[in-house]
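Each residue of the sequence shown is one higher than the last, beginning at 1 in the UniProt record's numbering. Just so you know, even glycine gets a beta-carbon here, dropped at the ideal spot from N, CA and C. Please read all numbers here as calculations on a predicted model, not as lab measurements.
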Amino acid sequence: MTLSGMAVAFKASTSSVTQQHWSSPTKDQCQYGFTHLSRQKCRKRALCVTAISGKLDLDFTDPSWNQKYQEDWNRRFSLPHINDIYDLEPRRTTFSLKKNRIPLGDGDGSSTDMWNGYVNKNDRALLKVIKYASPTSAGAECIDPDCSWVEHWVHRAGPRKEIYYEPEEVKAAIVTCGGLCPGLNDVIRQIVFTLETYGVKNIVGIPFGYRGFFEKGLKEMPLSRDVVENINLSGGSFLGVSRGGAKTSEIVDSIQARRIDMLFVIGGNGSHAGANAIHEECRKRKLKVSVVAVPKTIDNDILFMDKTFGFDTAVEEAQRAINSAYIEARSAYHGIGLVKLMGRSSGFIAMHASLSSGQIDVCLIPEVSFTLDGEHGVLRHLEHLLNTKGFCVVCVAEGAGQDLLQKSNATDASGNVILSDFGVHMQQKIKKHFKDIGVPADLKYIDPTYMVRACRANASDAILCTVLGQNAVHGAFAGFSGITSGVCNTHYVYLPITEVITTPKHVNPNSRMWHRCLTSTGQPDFH
1 MTLSGMAVAF KASTSSVTQQ HWSSPTKDQC QYGFTHLSRQ KCRKRALCVT
51 AISGKLDLDF TDPSWNQKYQ EDWNRRFSLP HINDIYDLEP RRTTFSLKKN
101 RIPLGDGDGS STDMWNGYVN KNDRALLKVI KYASPTSAGA ECIDPDCSWV
151 EHWVHRAGPR KEIYYEPEEV KAAIVTCGGL CPGLNDVIRQ IVFTLETYGV
201 KNIVGIPFGY RGFFEKGLKE MPLSRDVVEN INLSGGSFLG VSRGGAKTSE
251 IVDSIQARRI DMLFVIGGNG SHAGANAIHE ECRKRKLKVS VVAVPKTIDN
301 DILFMDKTFG FDTAVEEAQR AINSAYIEAR SAYHGIGLVK LMGRSSGFIA
351 MHASLSSGQI DVCLIPEVSF TLDGEHGVLR HLEHLLNTKG FCVVCVAEGA
401 GQDLLQKSNA TDASGNVILS DFGVHMQQKI KKHFKDIGVP ADLKYIDPTY
451 MVRACRANAS DAILCTVLGQ NAVHGAFAGF SGITSGVCNT HYVYLPITEV
501 ITTPKHVNPN SRMWHRCLTS TGQPDFH
């Protein structure tokens, strides 16, 4: 199976699960994979006793359901380790920031010169901290009908006291996959810096994504601190990117031939699925290779994570487009500004950019259905805005309104369905509507997609990239493989790739953040 095919297979597997839902999906149905049952639909308590978590059937009349759920969660979120295959003895780490020290690993080990900056292997971070009193609370994330409190612990990220690789013998490779995203060079830079801090001398970059493993003429690029010192000052990827790839077995053949010990994959959901396929193939061949991913997507649609790198920069850049649309609209008679932002299946950029700019009158995202025509449609509301304000600004995510357009069965190299262009459709509908009713309207349409992707990371993303890159290296030296480095509930953690690729993360229409966006725009329900 190819890597792009692997990504599609993961998406298909999640859509085949039959579930019972409340009237509208809650955040954790997308994020935690829980199934809920409505009290309103269940008049008898006996009817509301079963739910599915992962592959675990839960009977809520069983007093021990909470314990069973916790055990299943701990099993799902345990981290794959190279000692699952090998019986290796760890060595004392070579990573320390303590100055004027005796190098760790030297002497008899009795020195008191030990640095205390390490993470214990049993440290955990709590994934969520709000205890909801009722399933009807805004954004409620509940497992059972009583909204019982259940702790969701995940592994804390960071350097360990013991490592499973000899740094001088390690060959580490870095690959950037998928589309461009602000911060790619920052992550590459920090991975190289941290590897060198451990003592790794042999570091290479794989050019142009997974393609660099099999395309003739593409040679690996030697990397060092001197080479990557200033690459963070530019956008794009120093290594280049591409979508799709060869068969997993061919890539692992290349990894074996190159004698790579650590592979760092920087990419989104599809690239994570590819990284997991490579990890599984390495385990099948009993290779001592750590495959560690770093989550990259400006859509912010990777499960469990507070945010992915590139998102903050994308929101900041999107505001520039929104401000231009606002100025154009306000300066024209019956001006309408229309801005299309990225967001295939998740409307996080559109929602946050609308909130932060304060200049949006209508925000349309994939997670919330709407109608364009009719008494309660978007177009009638635009009429109202022109009559009352004299102008308006609309922000749409690229994946919004797909149910209103002709579907395409075509896919890109990553296996993603090619979406119909809702921005252009919206532009045409607005023009036609106001022409038909005889009202002049001056529409300006702005699509800043590639401007947003190609810029360098802002300060917030640069910090996130730095920490994620460092933690990826710490995870590899700790012996983990098939994991990703992320930030959850403000803490930096490691998660199994298999759990984060089950489905994209979506905006919860019942969340406080979406309600805040509606309060800011003042838009009605378009049904």
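Residue j beta carbon less than 9 Å from that of residue i
i    : j    : result
V394 : L338 : yes
V493 : G486 : yes
K389 : I260 : no
G399 : R453 : no
G205 : I174 : yes
L303 : I143 : no
D373 : L382 : no
G179 : G212 : no
A140 : C488 : no
G266 : V291 : As written in the sequence, residue 266 is Ile, which differs from the Gly given in the question. No, Cβ-Cβ distance for I266 and V291 is not below 9 Å.
D301 : G268 : yes
R225 : E196 : yes
G347 : I365 : yes
Nearest-angstrom Cβ-Cβ length linking residue i and residue j, presumed shorter than 8 Å
i    : j    : result
I336 : I191 : With a Cβ gap of about 45 Å, I336 and I191 do not count as contacting.
I322 : S357 : 4 Å
F422 : Q406 : At roughly 11 Å, the Cβ-Cβ gap does not stay under 8 Å, so F422 and Q406 are not in contact.
D461 : P182 : 6 Å
S520 : S354 : 7 Å
Y69  : G479 : Actually they are not in contact, since the Cβ atoms of Y69 and G479 sit about 28 Å apart, beyond 8 Å.
A246 : F214 : 4 Å
Span of the beta strand (DSSP E), counted from its first residue to its last, around residue i
i    : result
W153 : 153-156
Y445 : 442-446
C395 : 391-397
H474 : Element bounds for H474: not the beta strand (DSSP E) but the alpha helix (DSSP H), 459-477.
R124 : 124-126
H491 : 491-496
C-alpha distance - residue i paired with residue j, whole-angstrom precision
i    : j    : result
I298 : I349 : 8 Å
A51  : P63  : Note on A51: pLDDT 37, under 50, position unreliable in the model; the coordinate value appears next. The alpha-carbon atoms of A51 and P63 are separated by roughly 15 Å.
L495 : A138 : 27 Å
Y210 : I255 : 11 Å
R39  : L263 : Low confidence applies here, because R39 scores a pLDDT of 33, under 50, leaving its location unreliable; read the following figure in that light. Spanning the two alpha carbons is a distance of roughly 48 Å.
H334 : F309 : 38 Å
L464 : K432 : 45 Å
L518 : N185 : 36 Å
V315 : L88  : 45 Å
R91  : H279 : 23 Å
T313 : S369 : 27 Å
G270 : P504 : 10 Å
T94  : G158 : 14 Å
E499 : N66  : 20 Å
R75  : T484 : 17 Å
V228 : V119 : 28 Å
K41  : A441 : Low per-residue confidence applies at K41: pLDDT is 36, beneath 50, and the placement is therefore not dependable, though the value from the model is reported in the following sentence. Cα to Cα, the separation comes out at about 47 Å.
P145 : L58  : 12 Å
A457 : S420 : 29 Å
F193 : G469 : 9 Å
L79  : I497 : 9 Å
L223 : F77  : 33 Å
C282 : K161 : 26 Å
A472 : L386 : 51 Å
H21  : R512 : Confidence in H21 is poor, its pLDDT being 29 and thus under 50, which makes the residue's placement unreliable; the coordinate value appears in the next sentence. Cα-Cα distance, rounded: 20 Å.
N232 : T61  : 55 Å
K44  : H152 : Confidence at K44 is low in this model, with a pLDDT of 34, below 50, so its placement is unreliable and the value that follows should be read with caution. Answer to the nearest angstrom: the Cα atoms are 29 Å apart.
S96  : D123 : 19 Å
R516 : K296 : 26 Å
Residue i - partner residues in DSSP beta bridges
i           : result
L338        : V394, Y445
H527        : The partner list for H527 (beta bridge, DSSP) is empty, contrary to what the question assumes.
M262        : A172, S290
C363        : C395
T484        : A293, L495
residue 567 : Because the chain spans 1 through 527 in this model, residue 567 falls outside it and cannot be assessed.
E162        : R92
H81         : F480
F309        : K296
Residue i - containing alpha helix (DSSP H), residue span
i    : result
G274 : 269-284
Y69  : 65-76
K431 : 422-436
C517 : 512-521
A332 : No alpha helix (DSSP H) holds A332; DSSP gives it neither H nor E.
N232 : Premise fails: N232 is in no alpha helix (DSSP H) and is neither H nor E.
H352 : 348-357
I191 : 184-198
T388 : 378-388
Minimum Cβ-Cβ distance from residue i to chain C less than 9 Å
i    : result
S234 : Judged by its chain identifiers, the structure shown contains no chain C, having just a single protein chain.
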